[in-house]
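Chains as they are written, first to last, in this note's numbering: chain A, 22 to 276; chain B, 22 to 276.
We treat Cβ as the ideally placed atom computed from N, Cα and C, and that holds for glycine.
Presented below is the structure to which this report refers.
Spelled out as structure tokens, the structure:
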């Protein structure tokens, strides 16, 4: 049997941010191994497939990952169309490489179907581009979470060097992110946006400054969230603070 | 009339990497202003819309951008559903912010429909994840192209600080990219991949080392291309060099 494993990006949350290609692969799927956060409507496209929830929200450990790898290989020996459905894009923070390596070693063909990553969804939610002519031409996607046994690498360097940074899986680490970045010389007044549940009905956008990040993060719930940092957000952040403070003089002059 | 302008990501090239939401917006569109590189099949979804090609490949100047902004505003005054269809994701290297600012100033509602960006498509084409546990947890998306009148900003800092870098619109600048990065201390042996026409039938993936980037770039054609740099590519690059050199001793032992 010429089985194939498709590593498919489910997109950032909303079911209609799936690609047409991903939908067609799901329609043909015999079995789907999916992340916890994939929308039920997306899974429903895989009408005739067995669905198996794998993966935890964060802190998924290596043992669990090895078990997923084994499940994919076993499934490819019994089915023609195996789908590994991941939130966002498979090739960003999705542990796809471990699955690709396992499949390759087992001689099983794979194909990656790219998806919309959370950074783009969060940027759309805020209504502010991650890049901007004359202001920002580097956008760095980062996670501060280290794997078990992984050496502490220098994630903060990427934030400091980039014009815009998007931090994945960092909302629960806001205090340490803020402290680390301030210690590295990032200005406390750097504009930030925290986007929770991007593209879902429960979507929330919170704006502020880096020094306030721990306080902002306390306001968000348990949904998946990304943090955007950078000067591109300055206008949006200032407008919010202006609205909150309700400066009547500027109101008269400007609104 | 309650007009709305949709800034829609058309994805990286292949028509079926459009999102379901983008397809539904296109079906309802009265008028579509699209980038030169959008697939004809994608435009065909906008059955009842007037289609207007705007934007040049690269080096599109500010005058042209101001004219696009004006066209969007004028269209929103005559039509209910106006679409600005951009290659990739609108919020990455798409000059969306200039359009958003113009629309906001004119009091016109807008919505961003995110898309699959070229970095994810290129990563899928190579079959190597941009991030990898224990090796890469920062992926920096960059363009070395400066706008007219824009101060030369420090794009190279982002590449050097990130574990993985993806350079957009840089294939024609390979010599200067290579020289700049080597001068900044990036190792000449850093693995690179150049992906031309990602997701299209003419897709090509070229692998090598940073020091060979100018030579590699000579091999690619006029299609849109991105350059990926980083240790995540090491195994893929070594395997290619191994195949090309055809080391018989390692062959006997390993294949």
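Interface residues of chain B facing residue 199 of chain A [CB-CB closer than 7 Å]
Those within 7 Å of residue 199 of chain A in chain B number zero; the least Cβ separation is about 18 Å.
Quick one: is residue 71 of chain B near chain A, going by C-beta distance under 7 Å?
No, residue 71 of chain B lies away from the interface with chain A (no Cβ there is under 7 Å from its Cβ).
Runs of 3 residues minimum, wholly inside the region 139–227 of chain A: which ones carry the beta strand (DSSP E) assignment?
List check, beta strand (DSSP E) in window: 159–163, 185–189 and 212–217.
When Cβ atoms are compared, which residues of the region 153–165 of chain A fall closer than 7 Å to chain B?
If the cut-off is 7 Å between Cβ atoms, the region 153–165 of chain A has 153, 154, 155, 158, 159, 160, 161, 162, 163 and 164 near chain B.
Rounded to whole angstroms, what's the CA-CA distance from residue 179 of chain B to residue 182 of chain A? Just pull it up for me.
When rounded, the separation of the alpha-carbon atoms in residue 179 of chain B and residue 182 of chain A is 5 Å.
Start and end of the alpha helix (DSSP H) containing residue 120 of chain A?
For residue 120 of chain A, the enclosing alpha helix (DSSP H) begins and ends at 117–126.
Rounded to whole angstroms, what's the CA-CA distance from residue 85 of chain A to residue 120 of chain A? Just pull it up for me.
So the two alpha carbons sit approximately 12 Å from each other.
Backbone CA spacing between residue 141 of chain A and residue 208 of chain A [nearest angstrom]
Residue 141 of chain A and residue 208 of chain A: Cα-Cα distance of roughly 24 Å.
For the alpha helix (DSSP H) holding residue 231 of chain B, just list the boundary residues, first then last.
From DSSP, residue 231 of chain B is part of no alpha helix (DSSP H); its letter is neither H nor E.
Residue 179 of chain A at chain B interface by Cβ criterion, 7 Å
Yes - at least one Cβ of chain B is within 7 Å of the one on residue 179 of chain A.
Chain A contact residues for residue 37 of chain B, given Cβ-Cβ distances below 8 Å
Chain A residues near residue 37 of chain B: 40, 41, 42 and 45.
Is residue 240 of chain B helix, strand or coil when you go by DSSP?
DSSP, reduced to helix, strand and coil, places residue 240 of chain B within a helical segment of the structure shown.
Partners in chain A for residue 117 of chain B, counting only beta-carbon separations shorter than 7 Å
Listed by position along chain A, the residues whose Cβ is nearer than 7 Å to that of residue 117 of chain B are 150.
Count the other CB atoms, across all protein chains shown, that sit within 10 Å of the CB of residue 150 of chain A; report buried if there are 16 or more and exposed otherwise.
Result: buried.
State the CB to CB distance for the pair residue 25 of chain B and residue 131 of chain B, rounded to an integer number of angstroms; the pair is presumed to be in contact (CB under 8 Å).
7 Å between Cβ atoms; contact.
Within the same chain, show all residues whose beta-carbon is closer than 8 Å to that of residue 146 of chain A, passing over the 5 residues directly before and after it, in chain order.
Correct list, in chain order: 216, 219, 220, 224 and 226.
Contacts that residue 5 of chain B makes with chain A (C-beta to C-beta distance below 9 Å)
For residue 5 of chain B there is no data in the structure shown, the boundaries of chain B being 22 and 276.
Compare the C-beta of residue 311 of chain A against all C-beta atoms of chain B and say whether one is closer than 7 Å.
One cannot answer for residue 311 of chain A here, as it falls past the ends of chain A, which runs 22 to 276.
Count the CB pairs spanning the region 65–76 of chain B and the region 242–255 of chain A that are closer than 8 Å, and state whether there are at least three.
Counting Cβ pairs under 8 Å, fewer than three are found: no touch.
With a Cβ-Cβ cutoff of 7 Å, do residue 39 of chain B and residue 63 of chain B count as a contact?
Remark: C-beta atoms of residue 39 of chain B and residue 63 of chain B approach each other more closely than 7 Å.
Residue 121 of chain A touches chain B at which residues, Cβ-Cβ below 9 Å?
Chain B residues near residue 121 of chain A: 148, 149 and 150.
Helix, strand or coil: which one does DSSP assign to residue 129 of chain A?
DSSP places residue 129 of chain A outside both helix and strand once states are collapsed to three, so it counts as coil.
Inter-residue Cα distance where the pair is residue 250 of chain A and residue 152 of chain B
Residue 250 of chain A and residue 152 of chain B have their C-alpha atoms roughly 20 Å apart.
Measure the C-alpha to C-alpha separation of residue 244 of chain A and residue 34 of chain A and round it to an integer number of angstroms.
If you draw a straight line from the Cα of residue 244 of chain A to the Cα of residue 34 of chain A, it comes to about 11 Å.
Of the residues A/232, A/203, A/201 and A/206, the one placed nearest residue 213 of chain A, counting alpha carbons only:
Cα-wise, what sits closest to residue 213 of chain A is A/232.
Whole-Å CB distance - residue 96 of chain B paired with residue 66 of chain B, under 8 Å assumed
Not confirmed; about 18 Å, so no contact.
If you count every other CB in all the chains shown that lies within 10 Å of the CB of residue 91 of chain B, and 16 or more means buried, which is it?
Label assigned to residue 91 of chain B: exposed.
Using 8 Å for Cβ pairs, my map puts residue 238 of chain B next to residue 192 of chain B. What's the rounded Cβ distance?
The C-beta distance from residue 238 of chain B to residue 192 of chain B rounds to 5 Å, short enough to fall under 8 Å.
Going by DSSP in three states, residue 43 of chain B sits in which element: helix, strand or coil?
Assignment of residue 43 of chain B by DSSP, reduced to helix, strand and coil, places it in the helix class.
In angstroms with no decimal places, state the Cα-to-Cα distance between residue 50 of chain A and residue 43 of chain A.
Take the alpha-carbon of residue 50 of chain A and the one of residue 43 of chain A: they are about 10 Å apart.
Tell me, which residues are paired with residue 91 of chain A by DSSP?
Residue 91 of chain A pairs with nothing; no bridge assigned.
Mind checking whether residue 106 of chain B and residue 29 of chain B have CB atoms under 7 Å apart?
The answer is yes: Cβ separation under 7 Å.
Would residue 110 of chain B pass as an interface residue toward chain A - the criterion being a Cβ-Cβ separation below 7 Å?
Cβ-Cβ to chain A under 7 Å: yes for residue 110 of chain B.
Residue 246 of chain A, enclosing beta strand (DSSP E) - first and last residue
246–251 is the extent of the beta strand (DSSP E) around residue 246 of chain A.
Taking the Cβ atom as the reference point for each residue, do residue 58 of chain A and residue 108 of chain A lie within a distance shorter than 7 Å?
Against a cut-off of 7 Å, the Cβ pair of residue 108 of chain A and residue 58 of chain A comes out as a contact.
Does the beta-carbon of residue 205 of chain B have 16 or more other beta-carbons within 10 angstroms, so that it is buried, or is it exposed?
Around the beta-carbon of residue 205 of chain B, fewer than 16 other beta-carbon atoms lie within 10 Å, marking it exposed.
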